[in-house]
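Residue numbers (our numbering): 366 to 625. We put the CB at the ideal spot given by N, CA and C, even for glycine. Have a look at the structure below before the remarks.
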DNA sequence: ATGGTAGAACATCTA
C-alpha cells in the first residue's frame, strides 16, 4: 500500500458464499475495501468463485469445505505466504487462513461457535482459541504489524450485547470465552472498534429468528483486532448495517477498519 | 419448555 493512501479493511461472515456472492460483489463495488475477510463460505476450494472476484479487481485465497465453515481473504494486492490451517491443532474444520498483505500479517478466523456452555463443542471452542493464542503470540514476535479479523463468536463485554441479562453466561458471552478473547488482546492487540466507539448498541450479528434484526436484538461478535504497532495508523472503525437490510441477507453484517 | 429462521448432506445438523 502506498504510504499516503488510506487502507480499508473489512470482515464479513456471509453464511454461504454460494448464496451471497451477488451481495459480496455489490458491497465490494460500493465500498472498495483493500481487503475483505470472509467466513462461512461453505464452498469446496474447487467451487470458489475466483474469476468473479478477479473481474472485480480482487485476488483471492481460501480454505474451504462443503456445507460448513470455510474462510477466504480477498485483496487488491496479491496475498503472500498463505497459511491455510491453524498450527498446533489437528483440525479438519476450515476456520483459519492467514497471509501477508501490504506489509502486514493478516489472520482471518472463523471461531468455533461452541453451541452451548459445557458441551463438547464448547470444549473444542476453548481448545481452538488456545491454539490461536499460541499462534498469534508467535506471529507477533515475527511480525509486529498484525491484524486479526473474523467472526469471533464472542461478545467481548456486556455493552456488546442487546440484553446482557438474557445472555449472561450463555454461549457467545460466557466468562471463559470472554477470558480467552482477553488473553488474545493481552498479547498486544486492540479491539479496533472500541478505539473509536465506547457506546453500547453496536452489533454485527442478529439471529434470523424472531425478528432479531428488526428488534435490534444483536451481538457484536465480528471483530478486527489490530496490534499495538499499528495503533498510530488507525483512523476509523465502523459497522455497515446496510447489507443486513437487503433481501435474503447473511445474519452478519460487515465490520470495517481504516488505516492511514 | 419449546421453538422460532436460514443454509446445507434435504433429514438432520449447524448456527
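- Residue burial annotation: residue 433 is exposed, with fewer than 16 other C-beta atoms found within 10 angstroms of its C-beta.
- Beta-carbon to beta-carbon, residue 514 and residue 478 are separated by about 17 angstroms, too far to satisfy the 8 angstroms threshold.
- Judged by pairs of C-beta atoms under 8 angstroms, the segment 409 to 425 does not touch the segment 545 to 565, as fewer than three such pairs exist.
- In this structure, residue 516 sits away from residue 589, with a CB-CB distance that is not shorter than 8 angstroms.
- Residue state for residue 448 is assigned as strand, using DSSP reduced to three classes.
- In terms of Cα proximity to residue 498, the closest of 510, 453 and 508 is 453.
- The Cβ atoms of residue 602 and residue 621 lie closer than 8 angstroms to each other.
- One alpha carbon belongs to residue 564, the other to residue 429, and they sit about 36 angstroms apart.
- With fewer than 16 neighbouring CB atoms inside 10 Å of its own CB, residue 612 falls in the exposed class.
- When the five nearest sequence neighbours on each side are left out, the beta carbons in the same chain lying within less than 7 angstroms of the beta carbon of residue 592 are those of 505, 509, 510, 511, 553 and 554, in order along the chain.
- Between the alpha carbons of residue 480 and residue 518 lies a distance of about 10 angstroms.
- Taking C-beta atoms as the reference points, residue 382 and residue 400 fail to come closer than 8 angstroms.
- For residue 490, the uninterrupted alpha helix (DSSP H) run begins and ends at 485 to 507, by DSSP.
- Residue 460 places its beta carbon less than 8 angstroms from that of residue 436.
- Sixteen is the threshold: when 16 or more other Cβ atoms of the shown chains lie within 10 Å of the Cβ of residue 556, as they do, the residue is buried.
- In this structure, DSSP gives residue 557 a helical state, which the three-state scheme calls helix.
- Leaving aside the five residues that flank residue 492 on each side, the residues in its chain whose CB is nearer than 8 angstroms to its CB run, in chain order, 454.
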